[in-house]
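Trainee:
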Amino acid sequence: MGLEYRGRAASVIQFLLAAVLGIWACTESFCVLASDKNLVNHNGGRRKLHDIGSSISIDCGIPEDFSYTDNKTHIIYTSDSKFIDTGINKNISPEFNSEDLQQVLENVRSFPHGKRNCYTLKPPQGKGTIYLIRGYFMYGNYDESGGLPEFDLYVGVNLWDSVKFDNASHVVIKEIIHLPLLDTIHVCLLDTGFGTPFISALELRHFHDSSYRIPSGSLVLYKRFDVGSTTNQIVRYKEDAFDRMWFPYNIPSSVSINTSFPVGSLNENEYKLPSSVMKTAMRPSDANGSLDFEFDTGDPILEFYIYMHFAELESLQRNQHREFSIELNGNTWANSIVPDYLHSITAITNQSVRGTKLRFSIYKTSNSTLPPILNAMEIYLVRDFLQAPTDQEDVNAMMEIKESYRVGKSWQGDPCEPNYWDGLNCSDNGYDSPRIVSLNLASSGLTGKISLSFSKIRTLQYLDLSNNSLTEQVPEFLSRLSKLKTLNLSNNKLSGSIPSSLKERFINGSLLLSVDGNVDCLIDPCKKQKKKRNIVVPVVATLVPSLIIFAALIIFWLCKRKQAPVKVLESINGGLLKSNNQQFTYSDIVSITKNFQSLIGKGGFGMVYHGYLNDGTQVAVKMLSTLSSQSSMQFQNEAQLLMRVHHRNLASIIGYCNEGENMGIIFEYMAYGNLEDYLSDETKEVLNWKERLQIAVDAAQGLEYLHHGCKPPIIHRDVKTANILLNANLDAQIADFGFSRFFPLESVSHSSTTVVGTFGYLDPEYYSCHRLTEKSDVYSFGVVLLQLITGHPAIMKSHNSTHIVEWVRPILSRGDIRDIVDPRLQGNFNTNSVWKAVEIAMACVPFKGTERPTMNLVVMDLKQCLEMENDCKQTWEMESQTLLPADSGSYYMDLETEMGPQPR
Ligand SMILES: *[C@@H]1O[C@H](CO)[C@@H](O)[C@H](O)[C@H]1NC(C)=O
Ligand SMILES: *[C@@H]1O[C@H](CO)[C@@H](O)[C@H](O)[C@H]1NC(C)=O
Ligand SMILES: *[C@@H]1O[C@H](CO)[C@@H](O)[C@H](O)[C@H]1NC(C)=O
Ligand SMILES: *[C@@H]1O[C@H](CO)[C@@H](O)[C@H](O)[C@H]1NC(C)=O
Ligand SMILES: *[C@@H]1O[C@H](CO)[C@@H](O)[C@H](O)[C@H]1NC(C)=O
Ligand SMILES: *[C@@H]1O[C@H](CO)[C@@H](O)[C@H](O)[C@H]1NC(C)=O
Ligand SMILES: *[C@@H]1O[C@H](CO)[C@@H](O)[C@H](O)[C@H]1NC(C)=O
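In my numbering, the protein residues as written are 1119 to 2022.
See the structure below:
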């Protein structure tokens, strides 16, 4: 079978026609009630839904490397030694230990030293997805002091809650539902001066989708009730797939009802409610009455989100009807709820509510013949996490430094928030990410060479590494620290000479440099001095030359100063052009691009020119042609926002120009141009399968960051191979993001009248329904992935202008993967890995956005794909008959059942 496509070609026009007809398929449902039977498909398609295996369960204070299965919950707890390196293990006092006591409460880790001690959790799912974090605390007089401690609990840099006890046997459980901004979550205990902090156990669970997402902030558990429970037991894992804890609750003047029916269908709501919770409910004892109950919050400022879960448990007769409304503090919150027989529905407050009391009344509507019911309820307190953590690159660099030199035992949690680590000073950027500006590691016993990590703290102004045992040369990369004003390397064992770039800065006075007391003298003038010292010269003789040099330097300085006017201007200008995030004038742009001499591309928003900054950095300058109607203020705001978006896989913006009609953006220059050109250019070396996968992973990570790492999320709107740039290492970056509007989190879907995007990559649902969500980018990404796999353009001119998706689909249904894959790969790939990639791509392109995966999921699966390629590379080539690796089953059910991967 050749590659040629012989089926009925679905032309682009047909494709678009289908898209327009698809308007009818767009559902208009977005209301308070989430019935979500239609969500089942896209959630249910993934395996491991009921698996908390990838979550973290820590019993704090048990011996290192110990783990056990709790006999009640069947949860496997491990020791905390891998998550923290401070604190001491303690057992609670024997009189508090009893048969029924949960095993996790028998020991604690206590933190008598240090103001702040942190657990470092690295869940495999990373950031951008929602986690439940739960801490357990029982004092049990473990330190035999008898005094009940009080301390604070932090998630990252933000206060989660305070921990207080009523008595020594009081078990305090704190729970928070949190969307982290970084891949690493720090849970910190802060000593507030009222006793030694300690912790009994710590758990982290992962929610798979958008349930419990709110516009901003995190949700601290206030109440979670299994209403009308007949067992009086707490329900949690395994009945609750997410391991929420449901506490039994009875409403006054009400009776319990239940169903004995098999109730598998009850958990098919996106909240995955446990059947045992949903199969009991309460109704008023008086048939005409209402369900009334209230909670004292005690504080009018606190904000709450409320989730109420309902399921009809009685099989109703024809003349029976159950319908009710909910009032909260006298205002109707939800109207005419009709619970579904043995299916769960959830009512959510669509914004936060306040009040010193939360007074609920659930009453039947006039045409209802049956009283209201309530099956389960959750109330959460909103905690606004305003403070952004320290810049991720700075954090990474500091962690590398901490590890490679084994320093900073007290370095716990975030470097800059809520207080600075010892030896650090950070910039105060309000609620935005702080940056590290000063690092003092003098007399810290550092050995080995100067680590590359220092050069990654780009905002560093002051670096003191004096009085250590650092060896080898002073590395060139320190000159990347363009903001550096002071560098102290004295009293080490460094040799060689200082890099000339640093020397220049020292000589012209922009850098204070101390290098005395090393093996070599590092600076040339001083080298001469050393030679003389070697031949043992009298003190006077060594003094004289250094005095001369000193004098010479002063004269040199004065000379430089004399030339002031011109030079100074130039250097200010130079400084501007060099530093990050700057505004450029139009004349700067003209000089950077040498009057727009070299056009290197045409993008959706304008022309792209090649140019050089004053310091020789190559840049790409995009002049925006179509934004003239947009106010320049708006452009400026957006450019400044975008300059704060930093990610390895997003093209970094160096600066912008905003002078009337002349609006431009200056990007880092990417040597290998864009992926579209690279794929189609016959003269370029063919990208092998692994390189393609890596590019896909890179691009997916960039998008994932825009969607889930940015607040508010950014929809790219124009994802295509032409907007994926490659540097000389073939690392991919997404370009051109964010010129489209930022969209508010609370409106899940968004209507706009003008459709933006590129033909071939345009999400058909967006095109026909004008509703934009981040799933539109997922569609476009699917097309990009297909291009990487097939090597074809999105619209295949060579095949009757067929759209690539329509070309792949019929071949795929014949099950022959080799007809799809780019022939230039000459069969050099792992078939399983290609299959999986095709599956991922096809999962991205259904008509309905809700059926497409999130970018989190795409990244995760592509990484598996890449691993598969790495792992199987050797074995695969040897035994082409190999079965699938155990875990590589497709996550995309419909594809898998139609045609499983078949090694050929
Ligand atoms: C300890 O405090 C808890 C919570 O307030 C309470 O339920 C329990 O009865 C108390 N125990 C004793 C022994 O006082
Ligand atoms: C369900 O309710 C009935 C009374 O309506 C009661 O007899 C029965 O024990 C309950 N079943 C469960 C499992 O609680
Ligand atoms: C409930 O109200 C209806 C109409 O108001 C009345 O006919 C009925 O008797 C009432 N039932 C009870 C139990 O009070
Ligand atoms: C019952 O009445 C409410 C208004 O009170 C109305 O919205 C609803 O559609 C009615 N339901 C039925 C089944 O008639
Ligand atoms: C940190 O830097 C600020 C501003 O440069 C300065 O005022 C402050 O004294 C520094 N703090 C420490 C502890 O060095
Ligand atoms: C240098 O470091 C050592 C410990 O590493 C310390 O004892 C000594 O006082 C330090 N000297 C100076 C001048 O800071
Ligand atoms: C000093 O020299 C460095 C490197 O050549 C240059 O980048 C910097 O602008 C100069 N500073 C001044 C104040 O002349």
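Positions of the beta carbon are idealized from the N, C-alpha and C atoms, including for glycine.
Helix, strand or coil: how does DSSP classify serine 1931 here?
Mentor: On the sequence shown, position 813 is the one that residue 1931 refers to. DSSP places serine 1931 in helix when its eight states are reduced to three.
Trainee: CB isoleucine 1929 to CB tryptophan 1953, shorter than 9 Å?
Mentor: The sequence position of residue 1929 within the sequence shown is 811, counting from 1. The sequence position of residue 1953 within the sequence shown is 835, counting from 1. The answer is no: Cβ separation not under 9 Å.
Trainee: Within a Cβ cutoff of 8 Å, which residues of the same chain sit near valine 1655, ignoring the five residues on either side of it in sequence?
Mentor: Locating residue 1655 in the sequence shown gives position 537, counting from the first residue. Interpretation of valine 1655 is limited by its pLDDT of 33, a score under 50 that renders its predicted location unreliable; no figure is taken from the coordinates.
Trainee: When you get a sec, list the residues whose CB is within less than 7 Å of any heavy atom of ligand 1, chain order please.
Mentor: Going by the Cβ distance cut-off, the answer is Asp1284, Asn1285, Ser1287 and His1288.
Trainee: With DSSP as the reference, label asparagine 1385 as helix, strand or coil.
Mentor: In the sequence shown, counting from the first residue as 1, residue 1385 sits at position 267. Helix at asparagine 1385.
Trainee: Would you kindly check if the distance between the Cβ of histidine 1826 and the Cβ of threonine 1972 is under 9 Å?
Mentor: The residue given as residue 1972 occupies position 854 in the sequence shown. The residue given as residue 1826 occupies position 708 in the sequence shown. Going by C-beta atoms, threonine 1972 is nearer than 9 Å to histidine 1826.
Trainee: Does DSSP put glutamate 1421 in a helix, a strand or coil?
Mentor: Counted from its first residue, the sequence shown places residue 1421 at position 303. DSSP places glutamate 1421 in strand when its eight states are reduced to three.
Trainee: Tell me the DSSP secondary structure of lysine 1981 in three-state form.
Mentor: On the sequence shown, residue 1981 is found 863 positions in, with the first residue counted as 1. In the structure shown, lysine 1981 sits in a helix (DSSP, three-state: H, G or I).
Trainee: By Cβ distance below 7 Å, which residues in the same chain neighbour tyrosine 1897 in space, the five residues on each side in sequence not counted?
Mentor: The count along the sequence shown starts at 1 and reaches residue 1897 at position 779. Once the five neighbours on either side are set aside, the close Cβ partners of tyrosine 1897 are Asp1881, Cys1962, Val1963 and Arg1970.
Trainee: Specify the secondary structure class of serine 1522 as computed by DSSP and reduced to three states.
Mentor: Walking along the sequence shown from the start, residue 1522 turns up at place 404. Reduced to three states, the DSSP call for serine 1522 is helix.
Trainee: Would you call the segment 1813 to 1825 in contact with the segment 1841 to 1851, where contact means no fewer than 3 C-beta pairs closer than 8 Å?
Mentor: Result yes; three or more Cβ-Cβ pairs closer than 8 Å.
Trainee: If you drop the 5 nearest sequence neighbours on each side, which residues of the same chain put their C-beta closer than 6 Å to that of alanine 1515?
Mentor: As a working mapping, residue 1515 is identified with position 397 in the sequence shown. So the list reads Ser1571, Lys1574 and Ile1575, once near-sequence residues are dropped.
Trainee: Do the CB positions of serine 1347 and threonine 1398 come within less than 9 Å of each other?
Mentor: On the sequence shown, residue 1347 is found 229 positions in, with the first residue counted as 1. On the sequence shown, residue 1398 is found 280 positions in, with the first residue counted as 1. Yes, they are a contact pair.
Trainee: The beta strand (DSSP E) with lysine 1341 in it runs from where to where?
Mentor: Position 223 of the sequence shown, counted from the start, is the residue given in the question as residue 1341. Taken as a continuous stretch (DSSP letters only), the beta strand (DSSP E) holding lysine 1341 covers 1336 to 1345.
Trainee: Could you give the uninterrupted runs of the beta strand (DSSP E) lying entirely in the segment 1763 to 1792, keeping only those of 3 residues or more?
Mentor: The segment 1763 to 1792 contains these whole beta strand (DSSP E) runs: 1771 to 1777 and 1780 to 1786.
Trainee: Let me confirm a value: histidine 1304 is counted as buried when at least 16 other C-beta atoms fall within 10 Å, else exposed. Which label applies?
Mentor: The count along the sequence shown starts at 1 and reaches residue 1304 at position 186. So histidine 1304 counts as buried.
Trainee: From this set, Asn1406, Ser1770, Leu1542 and Glu1432, which residue's C-alpha is nearest serine 1486's C-alpha?
Mentor: As a position in the sequence shown, residue 1486 is number 368, starting the count at 1. Taking only the C-alpha atoms, the option nearest serine 1486 is Asn1406.
Trainee: Assuming cysteine 1544 contacts proline 1552 (C-beta within less than 8 Å), just tell me the rounded distance between them.
Mentor: The sequence position of residue 1544 within the sequence shown is 426, counting from 1. The sequence position of residue 1552 within the sequence shown is 434, counting from 1. Cysteine 1544 to proline 1552, Cβ: 4 Å. Contact.
Trainee: Thinking C-alpha only, which one of Tyr1272, Gly1311 and Asn1350 is nearest glycine 1265?
Mentor: Sequence index remark: in the sequence shown, residue 1265 carries index 147 (1-based). Per the Cα distances, Gly1311.
Trainee: With DSSP collapsed to three states, give me the class of cysteine 2039.
Mentor: Outside the displayed span of the chain (1119 to 2022) sits residue 2039, for which this structure offers no information.
Trainee: What's the gap between the Cα of aspartate 1502 and the Cα of proline 1490?
Mentor: The count along the sequence shown starts at 1 and reaches residue 1502 at position 384. The count along the sequence shown starts at 1 and reaches residue 1490 at position 372. C-alpha separation (whole angstroms): 34 Å.
Trainee: Relative to the C-alpha of serine 1619, which residue among Asp1733, Gln1701, Tyr1823 and Trp1539 is closest?
Mentor: Taking the sequence shown and counting its residues from 1, one reaches residue 1619 at position 501. The shortest Cα separation from serine 1619 among Asp1733, Gln1701, Tyr1823 and Trp1539 belongs to Asp1733.
Trainee: Answer with buried or exposed for threonine 1187, where buried requires no fewer than 16 other C-beta atoms within 10 angstroms of its C-beta.
Mentor: As a working note, residue 1187 is residue 69 in the sequence shown. Exposed, by the Cβ-count rule.
Trainee: Taking threonine 1474 as the reference, give the member of Val1637, Tyr1549 and Asp1417 with the closest Cα.
Mentor: For the purposes of this step, residue 1474 is taken as residue 356 along the sequence shown, with counting starting at 1. Of the listed residues, the one whose Cα sits closest to threonine 1474 is Asp1417.
Trainee: Reducing DSSP to helix, strand and coil, say where methionine 1363 ends up.
Mentor: Translated into the one-based positions of the sequence shown, residue 1363 becomes position 245. Three-state result, methionine 1363: coil.
Trainee: According to DSSP, is lysine 1482 part of a helix, a strand, or is it coil?
Mentor: The residue you call residue 1482 lines up with position 364 of the sequence shown. Strand at lysine 1482.
Trainee: With a threshold of 8 Å, are at least 3 pairs of Cβ atoms found where one atom belongs to the segment 1354 to 1367 and the other to the segment 1381 to 1397?
Mentor: Touching, yes.
Trainee: Would you report the Cα separation of glutamine 1243 and glutamine 1982, rounded to the nearest angstrom?
Mentor: Your numbering for residue 1243 matches position 125 in the sequence shown. Your numbering for residue 1982 matches position 864 in the sequence shown. Approximately 12 Å, taken between the alpha carbons.
Trainee: For leucine 1824 versus glutamate 1892, is the C-beta distance shorter than 9 Å?
Mentor: Mapped onto the sequence shown, residue 1824 falls at position 706. Mapped onto the sequence shown, residue 1892 falls at position 774. Cβ atoms of leucine 1824 and glutamate 1892: closer than 9 Å.
Trainee: With which residues is asparagine 1235 paired in a DSSP beta bridge?
Mentor: Along the sequence shown, one-based indexing puts residue 1235 at 117. Beta-bridge pairing links asparagine 1235 to Leu1307.
Trainee: So which of Leu1299, Arg1932 and Met1363 has the shortest CA-CA distance to valine 1513?
Mentor: Residue 1513 sits at position 395 when you count from the first residue of the sequence shown. Considering only alpha carbons, the answer is Leu1299.
Trainee: Could I get the ranges of all uninterrupted beta strand (DSSP E) runs contained in the segment 1521 to 1606, with 3 residues as the minimum, in chain order?
Mentor: Runs of the beta strand (DSSP E) inside the segment 1521 to 1606: 1542 to 1544, 1554 to 1558, 1580 to 1582, 1587 to 1591 and 1604 to 1606.
Trainee: Taking C-beta to C-beta, are isoleucine 1369 and leucine 1446 nearer than 9 Å?
Mentor: As a working note, residue 1369 is residue 251 in the sequence shown. As a working note, residue 1446 is residue 328 in the sequence shown. No, these two residues do not count as a Cβ contact at 9 Å.
Trainee: Can you give me the start and stop residues for the alpha helix (DSSP H) that serine 1393 sits inside?
Mentor: One-based indexing of the sequence shown puts residue 1393 at position 275. Start and end: 1393 to 1396.
Trainee: Since arginine 2035 is in the alpha helix (DSSP H), which residue starts that stretch and which ends it?
Mentor: Nothing about residue 2035 can be reported from this structure: the residues present for the chain run from 1119 to 2022 only.
Trainee: State the start and end residues of the unbroken beta strand (DSSP E) segment that holds arginine 1227.
Mentor: Position 109 of the sequence shown, counted from the first residue, corresponds to residue 1227. Its beta strand (DSSP E) spans residues 1225 to 1228.
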